[in-house]
Each structure stands twice: as structure tokens, then as C-alpha cells.
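Undergrad:
Chains as they are written, first to last, in this note's numbering: chain L, 224 to 629; chain Y, 5 to 219.
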């Protein structure tokens, strides 16, 4: 087919729209098939079988699957080994999760399919990518929490049950997004992903910082989209977003629970090392999102958001949430902070452009080096900016607490 | 705006049908089922927890936890009130805390679904602060507001969420005393710095959560 058309093109130059026109001439049944295929194949997505999408390649910036040292986790939460483990907040969290506010929330309605069919062209492609990333991120949470729930059952039934309830929420979220993907005639094989995706290992305490942040930033992303669309219903091009308000309350509560976990082990929130890791994880999460989302500005544009404004707001508010827990956070409201972040976006765009060029691979690697070097230097500069000292008022001494003005 | 938001909550209820269970992956079916049992009656939580605990080696610890949970689940004979106090700007005029509006709406919706009586309110300038807790009162900027509830667990959770609030146990106080509001809140100044890609919730949303009969 490709050969045939190129021969013809050599004989007589044809305008770009010609291949589509050719389908029409070839009869009605052919057109229908061509359109059905256009919904997935022509967007450049690979399918592993009919309607099941091959997961996107993993890069430094894609959502990851995490694993950890489960034996150490058991030790951390063992009430036998840690009789002083403060359970008050954890018990309160358990009661909150048992309420299951969203038990009846994730029910689809008939508007999904039609709305998905109305999303066409390049917007369709970026929509599918957005759904895939979100589904992978939610599912990643499900896997990790489920395993933690299973492993901690004997040493700490309360914490174990909470992890199970967290995985309940994440499974609902991932399943709901995967159904949305099927509106676009694609879905992810989550069972296949579970077995075949690479798992990133993090030590338990790092899992706690990282999941706290990803839940809180998840809340701020979802709620900012929701509130924007609530006030601008014309940009509401797909009903999934209407579910975000209740949905992201789950994320926010998950974050609170991981906060309670960290507070139950206050040594993770106190010394200079904790401060260093706090800043490190904040920056990793903020920079990853900033670079990722700026590469997908068209997606946010399609729902009427300006990526820069949306991202900066999400980072500022996530940082404010985090200030209530972490002993140090980056000073994101310092004018240099977003100036440097924007420079990282520029450098990253150069890297992406090199990747897309027709330069041979080894030359691409060489061409990337100077930009990578500048990015590393810039990230280091952001890291050494003066941080903000902060933390929960609960971790202050009683005298300090009486001096706090509320 | 407050009205529009209420409609929204009702819309959520309309969508509710039993088919939601299918949305969850099969592997979470077990905790989900346990969850539903606990949902149907708050008291059912205790037997469910202890039944699970019975299977465990560390059953002593587990059933201690279960008993504790049971005692916390049962409504106390005399209602104790608990409060989280902070300056009113913190509750009403801070983009970080707009989630409180969502949370309280969610909880009102949930209470309706469960036929549970309201046990949480926002009390503007609570009368008891200076009258009964002068020392703590000095720590609080005015005007101020208190989130009060008889649900001790929930107040612990909300303290964890809000962090920068003063937790006060209103021991021995009657409902009327605990809910007695002082002066009405003034209009808040529009914030100079606004980074969000959306406007703020319409001021006054909090009045929907005032005790019945308050301003």
C-alpha cells in the first residue's frame, strides 16, 4: 500500500489530504473500517491485542511502580518493637477511611462515550496519553498499598487495614480511568503491567516522603482542574473531570495518613538529614511535574488551562500543605525559583527536539550532553537555594507551642 | 454559590447505584466487602474486626485494638464536644484551606446517606473561648472561628489535616454552650496575591455550616 501510493505520488504530486480521499472512492464499507482504525492506529499507538494498548515507554519522567523493603516496614510499624508508637492519629485515620465517602461515587453515565467520540485529532492523542499516565499512577498506588496492607497485617492491624483501604480507593480510581480509556477504544492490561513493568526500589522512609507528596500534589492537580472547569463549563469536554471533586478528597486523605505515619516516627521529621531529604523529594516531585506538563501544554490548553499558571499554583499549594509536616521545604515563592524552573523547561525542550530529530543516535547522545550538564547545574542551583524551615506544630515542645499564634 | 455547591453534592448522589462495586479491581473485593458490612451499621465494625483478629498470631494486640475501636465507635452517653480554633482568615480566606469547604459538604452528604444526625459545626467567635479558656484565647488572632464536633476521632483527623489550629476539649459543656457564637465575622479583604487559575469560592460558604439559628 505504501509502495503503491509512493509510486503514484512520484508520477503526479498529490496534496496531503489525498489518502483520505482515496478511501472514499474505494466504497462505503472500506471507509467505515478506515475510520474505526483511525481512532487508535493512526494516532500512532501500538496495541498488544485488539483495543489493548501497549504501555508507553518508561522514561525518567513517567509514572513508576514502587517497591520497598517490606521487612523494614514491618519493623517500623511493629507495636511490639515500638510500644510507644503513637497510634491516636492512625486510629483516627482508620475511622475516616472506613466511612468510605466515595463508595457510590465512581459510577459512569451515558455521556462518556459520546464525549470521547467528540474529541478528535491531536487532542484525542494527548487525551489518551493523559488517561494512560493517570491510570498508571493510580494503579501504581494500588499495587504498593495492597502489598503493604498484606505485609503489615500481623504486626499492626490498624495500619494494615488503612493500607488496604487506600488500595481500595486507588483500584477504583485506576479502574475508572481504564474504563474512560475504553471510551477511546483502548485500555491498559493492568495485569500484564503488574508482571512486566520495572519496579523502582525505595527504602521505607523514602517511600513515605514520596507517597505523601504524590498524594498531596495529586489532590492539588485534580482539584485545580475541577475548580477551573466548574467555573468554565464550556471547557468541560469530557465528563471524567466532573468526578474530580469527590475523587481527589481521597488523595488528600491518603496524604494525611502518610503524614500521620511520618509523625508516628518523628525522627523522620526532625534532624538535618530529614530536612535534606524533605527538600530533595519536594524538588524531585515539583520538577518532574513541571517538565512533564510543559511538554503537554496542548492537553491543558484543550481544557482551557494555561500550563504555567496551573503548574505554579499546584506547586505553591502543595508546598504549603507540605509545610505543615516536613521540617524544610523549598522556597517556591522566591522569584528565582520559577525563573530557574522555566529555564529547565527550555533546556528540556531542546533535549526533546534532539530526540525527535533525524540525527543518528550516537550523535543525538553527544548533542544532548551540554544541555544535560546545564540542567544538572540548574537543578543543583535550585537545590541550594535557601529553604524554608517549617513543620507540624505538634512536633514543637510544649513551651514553643504556647508561643504559636493561631 | 453555596446553593450551586449543594446542587452539586445532590448530583453526586443521583449518580449513585450499586454498579460502582464493579469499578474496583477484583483483588480488593475482600476489604471492600468487609467495608460494606461496617458501613451498614457502625456497631458492626467491632465484631468484624475481632473476627479477623482471631485468625492472627498477635491476637492479643489485635483484639486490644478492636476493643479500643469498639469503644470509640459507640456513642458516649454524655456528649463531649471538641474544638479546633484558629483565626477566621485561616478558615475562610486562605486558598490552602478551601478544601475545608469541600470536606464539610462531603460530610454533610455522607451524614444524609447514613441518616446520621449532624454533630459538627463552624462557630464564629465562640463565646466559650475567652470565658473558659483565657490562656489559650490569648494565642488566637481575632476574629476567630472554631470547628466543633462530638466526633473525637474526626477532630483528631481534622487537627492532622489543618495542623495550624488549637485543639481544645470542651469538657462538660452542653451543646448550647459549645455552639454559642459571638460576634458575626466581618467581610474579608481580597487577597493581594492570587495564583490559582480559578476564582475563590464565594465568601460566606461557611455560613451553611453554622449551628442552626446562628447568624
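The beta carbon of each residue, even a glycine, is placed where N, CA and C say it ideally should be.
Predicted model only: the values in this text are computed from it and were never measured.
Helix, strand or coil for residue 125 of chain Y, going by three-state DSSP, please let me know.
TA: As a position in the second chain, residue 125 of chain Y is number 121, starting the count at 1. Strand.
Undergrad: Let's see if you can read the secondary structure: which residues bound the beta strand (DSSP E) around residue 613 of chain L?
TA: Taking the first residue of the first chain as 1, we reach residue 613 of chain L at position 390. No beta strand (DSSP E) holds residue 613 of chain L; DSSP gives it neither H nor E.
Undergrad: Out of curiosity, what's the CA-to-CA distance linking residue 152 of chain Y and residue 598 of chain L?
TA: Against the second chain, residue 152 of chain Y aligns to sequence position 148. Against the first chain, residue 598 of chain L aligns to sequence position 375. Cα to Cα, the separation comes out at about 50 Å.
Undergrad: Suppose contacts are defined by Cβ-Cβ distances below 8 Å. Is residue 291 of chain L in contact with residue 385 of chain L by that definition?
TA: Along the first chain, read from residue 1 onward, the residue named residue 291 of chain L stands at position 68. Along the first chain, read from residue 1 onward, the residue named residue 385 of chain L stands at position 162. No, Cβ-Cβ distance for residue 291 of chain L and residue 385 of chain L is not below 8 Å.
Undergrad: Would you kindly report the start and end of the unbroken beta strand (DSSP E) that includes residue 137 of chain Y?
TA: Position 133 of the second chain, counted from the start, is the residue given in the question as residue 137 of chain Y. Taken as a continuous stretch (DSSP letters only), residue 137 of chain Y belongs to no beta strand (DSSP E), as it is neither H nor E.
Undergrad: Identify each residue in the segment 523–540 of chain L for which the Cβ-Cβ distance to at least one residue of chain Y is less than 8 Å, and report them in chain order.
TA: For the segment 523–540 of chain L, which is checked against every Cβ of chain Y, the residues closer than 8 Å are 528, 529, 532, 533, 535, 536, 539, 540.
Undergrad: Name the residue from Y:163, Y:216, Y:149, Y:179 whose alpha carbon lies nearest to the alpha carbon of residue 93 of chain Y.
TA: Position 89 of the second chain holds residue 93 of chain Y. When each option's Cα is compared against that of residue 93 of chain Y, the closest is Y:149.
Undergrad: State the CB to CB distance for the pair residue 86 of chain Y and residue 174 of chain Y, rounded to an integer number of angstroms; the pair is presumed to be in contact (CB under 8 Å).
TA: For the purposes of this step, residue 86 of chain Y is taken as the residue at position 82 of the second chain. For the purposes of this step, residue 174 of chain Y is taken as the residue at position 170 of the second chain. So it is a contact: roughly 7 Å between Cβ atoms.
Undergrad: Examine chain Y for any beta-carbon lying closer than 8 Å to the beta-carbon of residue 262 of chain L, and answer yes or no.
TA: Here residue 262 of chain L refers to the residue found at position 39 when the first chain is read from its first residue. In this predicted model, residue 262 of chain L has a pLDDT of only 46, less than 50, meaning its place in the structure is not dependable enough to derive any value.
Undergrad: Buried or exposed for residue 582 of chain L, going by 16 or more other Cβ atoms inside 10 Å?
TA: Along the first chain, read from residue 1 onward, the residue named residue 582 of chain L stands at position 359. Flag for residue 582 of chain L reads exposed.
Undergrad: Beta carbons nearer than 8 Å to chain L: which residues of the segment 80–93 of chain Y have them?
TA: If the cut-off is 8 Å between Cβ atoms, the segment 80–93 of chain Y has 89, 90, 91 near chain L.
Undergrad: For residue 153 of chain Y, which three-state DSSP category applies?
TA: In the second chain, residue 153 of chain Y corresponds to position 149, counting from 1. Looking at residue 153 of chain Y - three-state DSSP - the assignment turns out to be strand.
Undergrad: Would residue 164 of chain Y pass as an interface residue toward chain L - the criterion being a Cβ-Cβ separation below 8 Å?
TA: Taking the second chain and counting its residues from 1, one reaches residue 164 of chain Y at position 160. Output row for residue 164 of chain Y: interface = yes.
Undergrad: Identify the contact partners of residue 145 of chain Y in chain L, using a Cβ-Cβ distance below 9 Å as the criterion.
TA: For this step, residue 145 of chain Y is matched to residue 141 along the second chain. Simply 628, 629.
Undergrad: Does any residue of chain Y have a CB that is nearer than 8 Å to the CB of residue 298 of chain L?
TA: On the first chain, position 75 is the one that residue 298 of chain L refers to. Not an interface residue.
Undergrad: Going along chain Y, which residues have a C-beta under 8 Å from residue 519 of chain L?
TA: Translated into positions along the first chain, residue 519 of chain L becomes position 296. Result: empty, since nearest Cβ-Cβ is about 16 Å, beyond 8 Å.
Undergrad: Taking a contact to mean a Cβ-Cβ separation below 8 Å, would you say residue 513 of chain L touches residue 542 of chain L in this structure?
TA: For the purposes of this step, residue 513 of chain L is taken as residue 290 along the first chain, with counting starting at 1. For the purposes of this step, residue 542 of chain L is taken as residue 319 along the first chain, with counting starting at 1. Against a cut-off of 8 Å, the Cβ pair of residue 542 of chain L and residue 513 of chain L comes out as no contact.
Undergrad: Return helix, strand or coil for residue 452 of chain L, following the three-state DSSP convention.
TA: Sequence index remark: in the first chain, residue 452 of chain L carries index 229 (1-based). Residue state, collapsed to three classes: helix.
Undergrad: For the beta strand (DSSP E) that residue 172 of chain Y lies in, which residues bound it at each end?
TA: Taking the first residue of the second chain as position 1, residue 172 of chain Y is located at position 168. Segment 170–174, the beta strand (DSSP E) holding residue 172 of chain Y.
Undergrad: With 16 as the cutoff for other CB atoms within 10 Å, does residue 604 of chain L come out buried or exposed?
TA: Start at 1 with the first residue of the first chain, and residue 604 of chain L comes out as number 381. Flag for residue 604 of chain L reads exposed.
Undergrad: Can you find a C-beta in chain L that's less than 8 Å from the C-beta of residue 212 of chain Y?
TA: The residue labelled residue 212 of chain Y in the question sits at position 208 within the second chain. It does not: the Cβ of residue 212 of chain Y has no partner Cβ on chain L nearer than 8 Å.
Undergrad: The alpha helix (DSSP H) spanning residue 144 of chain Y covers which residue range?
TA: Here the question's residue 144 of chain Y lines up with position 140 in the second chain. Taken as a continuous stretch (DSSP letters only), residue 144 of chain Y belongs to no alpha helix (DSSP H), as it is neither H nor E.
Undergrad: Answer with yes or no whether the minimum CB distance from residue 278 of chain L to chain Y is below 8 Å.
TA: Position 55 of the first chain, counted from the start, is the residue given in the question as residue 278 of chain L. Not one chain Y Cβ lies under 8 Å of residue 278 of chain L.
Undergrad: Could you tell me whether the Cβ atoms of residue 363 of chain L and residue 287 of chain L are closer together than 8 Å?
TA: As a working mapping, residue 363 of chain L is identified with position 140 in the first chain. As a working mapping, residue 287 of chain L is identified with position 64 in the first chain. Cβ distance < 8 Å, so residue 363 of chain L and residue 287 of chain L count as in contact.
Undergrad: What does residue 472 of chain L touch in chain Y if you count any residue whose Cβ is under 8 Å from its own?
TA: If you number the first chain from 1, residue 472 of chain L lands on position 249. Within chain Y, the residues near residue 472 of chain L are 103, 106, 107, 110.
Undergrad: Looking at chain Y, is there any beta carbon in it that lies within less than 8 Å of the beta carbon of residue 613 of chain L?
TA: Here the question's residue 613 of chain L lines up with position 390 in the first chain. False, the Cβ-Cβ gap to chain Y never drops below 8 Å.
Undergrad: Of the residues L:579, L:376, L:323, L:587, which one's Cα is nearest the Cα of residue 111 of chain Y?
TA: In the second chain, counting from the first residue as 1, residue 111 of chain Y sits at position 107. If we check each option's Cα against that of residue 111 of chain Y, L:323 comes out closest.
Undergrad: Any beta carbon of chain Y sitting closer than 8 Å to that of residue 340 of chain L?
TA: Translated into positions along the first chain, residue 340 of chain L becomes position 117. For residue 340 of chain L, the answer is no, since every Cβ of chain Y falls outside 8 Å of its Cβ.
Undergrad: Taking buried to mean at least 16 other C-beta atoms within 10 Å of its own C-beta, is residue 380 of chain L buried or exposed?
TA: Within the first chain, residue 380 of chain L is the residue found at index 157, counting from 1. Buried, because 16 or more other Cβ atoms sit within 10 Å of the Cβ of residue 380 of chain L.
Undergrad: Bridge partners for residue 89 of chain Y per DSSP, in chain order?
TA: Within the second chain, the letter at position 85 stands for residue 89 of chain Y. Y:150, Y:170, per the DSSP bridge assignment.
Undergrad: With respect to the alpha helix (DSSP H) encompassing residue 285 of chain L, which residues constitute its N-terminal and C-terminal limits?
TA: As a position in the first chain, residue 285 of chain L is number 62, starting the count at 1. Note, residue 285 of chain L: premise wrong, no alpha helix (DSSP H); not H, not E.
Undergrad: Where does residue 199 of chain Y sit, in a helix, a strand or coil, going by DSSP?
TA: Taking the first residue of the second chain as 1, we reach residue 199 of chain Y at position 195. Coil, per DSSP.
Undergrad: Could you pull out every residue in the same chain whose Cβ sits closer than 7 Å to the Cβ of residue 115 of chain Y, ignoring the five residues on either side in sequence?
TA: Taking the first residue of the second chain as 1, we reach residue 115 of chain Y at position 111. Excluding residues within five positions, the ones whose Cβ falls inside 7 Å are 122.
Undergrad: What is the DSSP secondary structure of residue 523 of chain L, counted as helix, strand or coil?
TA: Against the first chain, residue 523 of chain L aligns to sequence position 300. Here residue 523 of chain L sits in helix by DSSP.
Undergrad: Ignoring anything shorter than 3 residues or poking outside the segment 277–339 of chain L, list the beta strand (DSSP E) runs there in chain order.
TA: Entirely contained in the segment 277–339 of chain L, the beta strand (DSSP E) runs reaching 3 residues are, in chain order, 288–290.
Undergrad: On a CA-only basis, which of L:333, L:480, L:532, L:345 is nearest residue 310 of chain L? Give me that one, please.
TA: For the purposes of this step, residue 310 of chain L is taken as residue 87 along the first chain, with counting starting at 1. Per the Cα distances, L:480.
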